[in-house]
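Everything on this sheet refers to the single structure shown next.
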């Protein structure tokens, strides 16, 4: 399982980049998406996920971290 946490710079094109990011990462099957800035994907191919970011985010404005998760247990706090 791969996690992606991201910070998209808020500007006139924010909504388009956010939507494009979700569209690109949906190809990897989104397992958990309860935050506006973190997704967990059903894949082990971190390189493919990293490459997908280039088609969605602005490399000069936005920041993202792709990480491997070893604990596949999700515990949510707050309203669902």
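Residue numbers (the working numbering): 762 to 841. Think of the CB as a built atom: it goes at the ideal place given N, C-alpha and C, for glycine as much as any other residue.
- Residue 765 counts as buried, since no fewer than 16 other beta carbons sit within 10 angstroms of its beta carbon.
- Nearest to residue 817 by C-alpha distance, out of 762, 763 and 775, is 775.
- Distances from the alpha-carbon of residue 810 to those of 828, 769 and 780 put 828 closest.
- Contact check for residue 823 against residue 763 fails: the beta carbons are separated by 8 Å or more.
- The three-state reading of DSSP puts residue 818 in coil, since its state is none of H, G, I, E or B.
- DSSP, reduced to helix, strand and coil, places residue 812 within a helical segment of the structure shown.
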